[in-house]
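Take a look at the structure set out below.
Numbering (our numbering), first residue to last: 56 to 383.
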């Protein structure tokens with residue numbers, strides 16, 4: 056299914072903020088690793104900025120067995136398709152459930168107080184634990200035991216027994232679980248998120264680099280500025296090749312000749328669906344605030360920055376080699 060995207064193996068899909076470095080998925084079954092934290096953060100932001108999902112999630116929980124590569128990444132690594140495919144299976148899906156705060160806390164703690172297990176929960180920015188494995192923050196605010204949170208997770212993990220509190224709760228309340236038909240593929244969700252963010256960066260850069268003739272700040276001027284900046288052959292269409300050429304302007308690393316990322320961006324920018332990005336598409340963007348001015352990128356989430364140790368572990372310092380023992 057992803058053969059068309061194979062050229063993206065060495066192409067940057069998303070920058071990695073310093074708070075996720077050193078980037079590592081090593082020991083994801085026994086600690087909250089920086090790659091697990093990054094992926095959960097990206098999923099949350101993708102869901103919360105996707106108009107099609109029409110929902111908002113407070114947290115993303117993924118069991119460590121779903122973060123698969125078990126590797127330490129180079130210091131300057133960016134998030135690529137190669138990294139996405141190495142860490143998350145292409146067929147992996149998540150759903151959104153209502154979860155009381157007390158259950159979220161008990162469910163996470165149950166996987167964190169013993170030996171490494173596949174069910175060791177990873178979580179994104181906004182979720183914090185103390186040194187005793189008690190969840191103290193959700194969505195960047197103190198956890199409220201009686202509040203019902205919206206949580207995105209792999210639905211089968213709720214009842215697989217790796218977290219006894221979650222299994223006991225959802226196994227007897229199956230009506231709370233979403234149907235298979237509305238589950239969301241992680242790869243498709245994130246690729247759409249990356250394309251949206253990149254097109255917004257391209258738009259803002261192109262708009263700022265050209266002086267149009269319409270009144271400053273008007274949708275017509277913005278659209279014409281972008282077209283003039285990117286349409287280098289002046290045929291009235293922004294082609295894949297022109298998008299590809301513009302990627303370097305916004306600081307995106309691509310291998311020479313790779314156009315798969317540009318094709319993804321073109322698909323998102325082609326609002327009318329006619330296969331070409333023209334002034335009509337650009338004016339639709341300029342007139343629809345929701346198409347361009349969504350939430351900030353995941354790497355700019357406004358929550359408390361987690362601490363990170365030298366091995367790439369964020370949160371309370373616990374290692375794969377010497378995990379805390381399960382309380383008797």
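Using N, Cα and C, we set each Cβ at its ideal position, and we do this for glycine too.
Keep in mind the model is a prediction, meaning the values are calculated, not measured.
- For residue 244, the enclosing alpha helix (DSSP H) stretches over residues 241-263.
- Remark: C-beta atoms of residue 85 and residue 171 approach each other more closely than 9 Å.
- Residue 244 holds the alpha-carbon nearest to the alpha-carbon of residue 106 among 244, 297, 146, 338.
- Pairing residue 151 with residue 138, the inter-Cα distance amounts to about 24 Å.
- Secondary structure at residue 220: helix, using DSSP grouped into helix, strand and coil.
- Straight through space, the alpha carbons of residue 162 and residue 226 are spaced by roughly 14 Å.
- Counting the other CB atoms within 10 Å of its CB gives residue 228 a total below 16, which places it among the exposed residues.
- In the three-state reduction of the DSSP assignment, residue 196 falls in the strand class.
- The three-state secondary structure of residue 167, taken from DSSP, is helix.
- Here residue 292 is not near residue 283, since their CB atoms are 9 Å or more apart.
- Between the alpha carbons of residue 142 and residue 104 lies a distance of about 23 Å.
- Each residue's CA atom was taken as its position, placing residue 149 and residue 178 some 14 Å apart.
- DSSP places residue 151 in the uninterrupted beta strand (DSSP E) bounded by 148-155.
- One Cα belongs to residue 330, the other to residue 218, and the distance between them is close to 47 Å.
- Comparing alpha carbon positions, the residue from 134, 130, 126, 154 closest to residue 115 is 154.
- Residue state for residue 117 is assigned as strand, using DSSP reduced to three classes.
- With the rule of 3 Cβ pairs closer than 8 Å, the region 254-266 counts as touching the region 296-311.
- For residue 320, the uninterrupted alpha helix (DSSP H) segment begins and ends at 315-324.
- Secondary structure remark: continuous beta strand (DSSP E) runs of at least 3 residues inside the region 66-117, in chain order: 67-69.
- Residue 207: member of the beta strand (DSSP E) spanning 203-208, first to last residue.
- DSSP, reduced to helix, strand and coil, places residue 134 within a strand of the structure shown.
- If you look at residue 178, you'll find it in the beta strand (DSSP E) that goes 176-178.
- A distance of 9 Å or more separates the beta carbons of residue 134 and residue 207.
- For residue 122 and residue 342, the gap between their C-alpha atoms comes out near 40 Å.
- For residue 89, the closest alpha carbon among the candidates 102, 98, 75 is that of 75.
- Taking the Cα of residue 236 as reference, the smallest distance to any Cα among 224, 202, 210, 254 is reached at 210.
- Taking the Cα positions, residue 158 is about 26 Å away from residue 80.
- For residue 276, the enclosing alpha helix (DSSP H) has its first and last residue at 274-285.
- With 16 or more other Cβ atoms from the protein chains shown falling within 10 Å of its own Cβ, residue 278 counts as buried.
- About 33 Å separates the beta carbon of residue 254 from that of residue 176, a gap too long to meet the 8 Å contact definition.
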